[in-house]
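Colleague: Going by the numbering used here, the sequence shown opens with residue 75, and the numbers climb by one from there. The C-beta atom is built at its ideal place from N, Cα and C for all residues, glycine as well.
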Amino acid sequence: MFLFVFLSLHRCLRNKTFNLFILLERIEVRQMIHGNSIL
75 MFLFVFLSLH RCLRNKTFNL FILLERIEVR QMIHGNSIL
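#1: Going by DSSP in three states, residue 87 sits in which element: helix, strand or coil?
#2: Going straight from the alpha carbon of residue 108 to that of residue 101, what length do you get?
#3: When the Cα of residue 98 is compared with those of 83, 88, 110, which residue comes out closest?
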């Protein structure tokens with residue numbers, strides 16, 4: 075599963091949409107941090 079995600083991200087490195095994935099990851103990380111801080 076991890077390998078599949080890694081390969082998919084590696085392909086995205088060549089795509090313009092990679093920036094969108096980075097933005098989504100940042101949003102998810104922020105939500106996780108806020109969620110953990112609330113808990």
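Modeller: The structure says:
#1: Counting from one through the sequence shown, the residue named residue 87 turns up at place 13. Residue state, collapsed to three classes: coil.
#2: To locate residue 108, count along the sequence shown from 1; it is residue 34. To locate residue 101, count along the sequence shown from 1; it is residue 27. The straight-line gap from Cα to Cα measures roughly 11 Å.
#3: To locate residue 98, count along the sequence shown from 1; it is residue 24. Among 83, 88, 110, the Cα nearest to that of residue 98 belongs to 83.
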